[in-house]
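One structure is given below, encoded as structure tokens.
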Amino acid sequence: MAEIRKKYDAEFRAGAVRIVREAGKPVAQVARDLGINEGTLAMWISREREATRAGLDPDERAELARLRREIHELRMERDVLKRSVVLWVKEATK
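For the sequence shown, position 88 (counting from the first letter as 1) is numbered 125 according to my numbering, and the numbering increases by one without interruption.
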């Protein structure tokens, strides 16, 4: 059976990260209070730190995330095409 993943909007993620930073509460406690996975919240915090270090504004971060997703998809498509060419060449040389 397929796993159903919850999707959280950017405002919710930013609010959760802000609670951890400003309230000084442990990640585990905030995650429990919000009903999310501790690892998910920790990932949001690390991404926010990385973006802050890079000096990106929210629009640039969103574009960066979009471009990374696109790169991932393109790499997957490229790999599929490579495999299909190999199979095609094997078939053609038989």
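Even glycine gets a Cβ: it sits at the ideal position worked out from N, Cα and C.
Query, Result
"Environment of Leu124 [buried if 16+ CB atoms lie within 10 Å]", "exposed"
"Exposed unless 16 or more other CB atoms sit within 10 angstroms - verdict on Val117", "exposed"
"Where Ala68 falls, given that 16 or more other Cβ within 10 Å makes a residue buried", "buried"
"Per-residue burial, Leu101 [other beta carbons within 10 Å of its own, 16 or more giving buried]", "exposed"
"Helix, strand or coil at Ile41 [DSSP, three-state]", "coil"
"Limits of the unbroken alpha helix (DSSP H) element including Thr89", "Glu75 to Ala91"
"Cβ neighbour criterion (16 or more within 10 Å) applied to Ala99", "exposed"
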